[in-house]
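Chains as they are written, first to last, in our numbering: chain C, 319 to 544; chain P, -5 to 113; chain B, 25 to 120. Every residue, glycine too, gets a C-beta built ideally from N, C-alpha and C.
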Amino acid sequence: MQDDNTDDTHDHAHDHDHGTRDFQPDLEDTHPFTEAQFLETALRELLIEKGVITADELRGAIEFMDGRGAHLGAGVVARAWTDPGFKARLLADGTEAVELYGIPIRPTHLVVVENTATVHNVIVCTLCSCYPRNLLGRPPLWYKSREYRSRAVREPRAVLAEFGTTIPAEVEIRVHDSTADMRYLVLPMRPEGSDGLSEVELAELVTRDAMVGVTVPRGPARAAAE
Amino acid sequence: MTDKPGNRRYHDMGGLPAGPVENDDHEPDLWEKRVDAMMVCLGTSVADGKKLITVDEIRRVIEDLPPDAYDTMSYYERWVHSISTILAERGVYSREELEAKLAEVKARANEQASEGAAP
Amino acid sequence: MSRFAPGDKVRVIADFTRPGHVRTPWYCRDKAGVIERACGAFANPETLAYAKDGLPKLPLYRVRFAQRELWPDYGGGAGDVVEIEIYEPWLKATEE
């Protein structure tokens, strides 16, 4: 299985450094010793030597992805919980709403799906590991696993139970299999007892797993107790 | 699903029986992040008006792996294998060039090891 | 021009031998569903996978399948569904 992250391109300046092999200390602070690691080193050096990519571009891409994480998605969720206009725009056109919010995600197409009292959403990519990387960062290992990819479409309730989540039988579970160009984010329901919280405090209740749909956000009392 | 005729591909696993989902995760190693970064950079690089690599080609190469390789190779091992295959297909380098560079990298690692460099 | 509209009843074609890179999962082939929405037109991944340009773009649809349609012994809620994005050539109207 593999990810689809070529479409999460990051637009940054390219400096065309066509020098001879330059020592790249920050990229090279591990010594390769498996075949795959040797291949990665060889590939990188060859591509840099040929001017196909630069060390700076690679560093930039690593830093960009390191900066992506659930905190970004959580901020979007918290904004949706507090701003009905934003929520409406988010559900109508996730890509546009998130870009305007300030998170670059194009050319990814984002679809935000809302949990309600009658519908609970779960995201999976059975064919590989498509994931809203620009909002949540790199996908977790379990999301890319055979177990999750096989069973999330077949027995979502059992899979959710393994995450400690029980959804009542009368609530529809809607599993989204990301087979094409859309990437999905679950907009969880705002937890009970969170009325007085600020947007920042609300964001702290939102976990990556809740935005994939395998858990629901904890209420503020439970979160504070932990 | 097994009663359908035809040739189900190994990666096409939706609905197949499997064990419990292990709720584990860890930060990728630096070499894995570099593979990831290479993927992103190559996906934006353009030569002769065409992207140097598309995720569709990457997926195709990985899907063509024999089942035992698919299972035993880790996520990023499959990726680096796939990227190197696609770029050779597209003529960014020749197989010989890659092999030569691989030999050079291994030789350098051996030298560093014998000099007592930290692993 | 999209062939299907939201609400249309469709069936995924019963093609189980398509070679190459395919984004229509095995488990939904020859299964009946409903168009949830039209997603727009996108380059064809089956040809992009071989370094072609993927043109002409294909209409893409989100199709909703009842779990009970997909798995005869589904043990979850009666209303549970799976939604999958499927390219137009893989779909036919269920009257066909």
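Apart from the five residues just before and just after residue i, which ones in its own chain have a Cβ nearer than 7 Å to its Cβ?
i       : result
T324(C) : Note that T324(C) scores a pLDDT of 40, beneath 50, so its modelled location is shaky; the value from the coordinates is reported in the next line. Within the same chain, T324(C) has no close Cβ partners at all.
E70(B)  : G44, H45, V46
T118(B) : K33, V34, R35, A56
G101(B) : none
E26(P)  : Y70
S512(C) : L520, L523, G537, P538
L515(C) : P538
L558(C) : One cannot answer for residue 558(C) here, as it falls past the ends of chain C, which runs 319 to 544.
E51(P)  : I80
M500(C) : H427, V429
I485(C) : H438, R475, L478, I491
Give the single residue among the options whose Cα lies nearest to the Cα of residue i.
i       : options                            : result
P83(B)  : C52(B), I37(B), R61(B), V106(B)    : R61(B)
E93(P)  : E367(C), D374(C), Y502(C), L357(C) : L357(C)
R526(C) : D495(C), R472(C), V518(C), Y449(C) : Y449(C)
E107(B) : Y85(B), A38(B), F40(B)             : Y85(B)
Y70(P)  : D411(C), M529(C), G403(C), Q355(C) : Q355(C)
F40(B)  : A101(P), I56(P), K(-2)(P), C35(P)  : K(-2)(P)
A73(B)  : E83(P), S88(P), E98(P), R89(P)     : E83(P)
D114(P) : L361(C), P458(C), I485(C), G482(C) : For residue 114(P) there is no data in the structure shown, the boundaries of chain P being -5 and 113.
M32(P)  : E353(C), F382(C), T352(C), F351(C) : F382(C)
V99(P)  : E510(C), Y466(C), T359(C), R501(C) : T359(C)
V506(C) : A388(C), E375(C), T434(C)          : Rather than Val, the amino acid found at residue 506(C) in this sequence is Pro. Of the candidates A388(C), E375(C), T434(C), the one whose C-alpha sits nearest the C-alpha of P506(C) is T434(C).
L10(P)  : P474(C), F404(C), V416(C), A415(C) : P474(C)
S581(C) : E417(C), V440(C), V416(C), A406(C) : The shown model of chain C, from 319 to 544, leaves out residue 581(C), and the question about it has no answer.
D104(B) : R501(C), A487(C), D374(C), E517(C) : A487(C)
L365(C) : R53(P), L96(P), R102(P)            : L96(P)
E353(C) : K45(P), S68(P), R53(P)             : S68(P)
F481(C) : D374(C), R464(C), W460(C), H494(C) : W460(C)
Using a 10 Å radius around the Cβ and a threshold of 16 neighbouring Cβ atoms, would you call residue i buried or exposed?
i       : result
R3(P)   : buried
R28(P)  : buried
T444(C) : buried
P535(C) : buried
H427(C) : buried
E109(B) : buried
G13(P)  : exposed
T372(C) : buried
P538(C) : buried
N104(P) : exposed
K368(C) : exposed
Y91(B)  : First, the amino acid is wrong: residue 91(B) is Gln here, not Tyr. Under this definition Q91(B) is a buried residue.
G99(B)  : exposed
D23(P)  : exposed
R591(C) : The first residue shown for chain C is 319 and the last is 544, placing residue 591(C) beyond what the model contains.
S108(P) : exposed
E16(P)  : exposed
G412(C) : buried
V394(C) : buried
D6(P)   : buried
S88(P)  : exposed
F351(C) : exposed
D401(C) : exposed
P96(B)  : exposed
L376(C) : buried
H388(C) : Per the sequence presented here, residue 388(C) reads as Ala, with His not at that position. Buried, since its Cβ has 16 or more Cβ neighbours within 10 Å.
Suppose the cutoff is 8 Å on Cβ atoms and the five residues either side in sequence are ignored; what does the same chain contact list for residue i look like?
i        : result
R386(C)  : R451, N452, L453, L454, G455, R456
V87(B)   : V34, V36, C52, G57, V58, I59, E60, E107, I108, E109, I110, L115
T48(P)   : G37
S78(P)   : L92
V55(P)   : H75, S76, T79, I80
E490(C)  : T436, V437, H438
H328(C)  : Note that H328(C) has pLDDT 41, beneath the 50 cutoff, so the model's placement of it is unreliable and the number below is only indicative. Same-chain partners within the cutoff: G378, A379, F382, P422.
L94(B)   : Y51, C52, K55, V106
G31(B)   : V58, I59
M(-5)(P) : Since pLDDT at M(-5)(P) reaches only 48, below the 50 mark, its modelled position is unreliable, and the value read off the structure follows with that caveat. Cβ neighbours of M(-5)(P) beyond the five flanking positions: R2, G9, L10.
By Cβ distance, which residues of its chain are closer than 6 Å to residue i, with the 5 residues on each side in sequence left out?
i       : result
A67(B)  : G78, K81
V477(C) : R469, A470
R508(C) : W399
M529(C) : G391, L503, V504
R72(P)  : I56
R424(C) : none
Y64(P)  : Y4
V531(C) : One detail in the question is off: residue 531(C) reads as Gly in this sequence, not Val. Closer than 6 Å at the Cβ level, and outside the excluded window around G531(C), lie N439, V440, I441, V504.
To the nearest whole angstrom, what separates the beta carbons of residue i and residue j, a pair I think is in contact under 8 Å?
i       : j       : result
F89(B)  : C63(B)  : The pair is not a contact, with the Cβ atoms about 16 Å apart (cut-off 8 Å).
G85(P)  : R467(C) : At roughly 33 Å, the Cβ-Cβ gap does not stay under 8 Å, so G85(P) and R467(C) are not in contact.
R397(C) : E517(C) : 6 Å
R42(B)  : E112(B) : Not a contact, Cβ separation roughly 15 Å.
Original post:
Fully enclosed by the region 12 to 45 of chain P, which alpha helix (DSSP H) runs are 4 residues long or longer?
Top reply: Taking only runs of at least 4 residues, the alpha helix (DSSP H) segments lying wholly in the region 12 to 45 of chain P are 24 to 38.
**OP:** Just list the alpha helix (DSSP H) runs in the region 442 to 503 of chain C, keeping only unbroken ones of 4 residues or longer that don't cross its boundaries, in chain order.
**Re:** Listed in chain order, they are 451 to 454, 464 to 469, 474 to 480.
Original post:
Unbroken alpha helix (DSSP H) runs of length 4 or more, entirely within the region 59 to 86 of chain P: which are they?
Top reply: Fully enclosed alpha helix (DSSP H) runs of 4 or longer: 61 to 66, 69 to 83.
**OP:** Compile a chain-ordered list of the residues in the region 38 to 56 of chain B whose CB is closer than 8 Å to at least one CB of chain D.
**Re:** No chain D is part of this structure, whose protein chains are labelled C, P and B.
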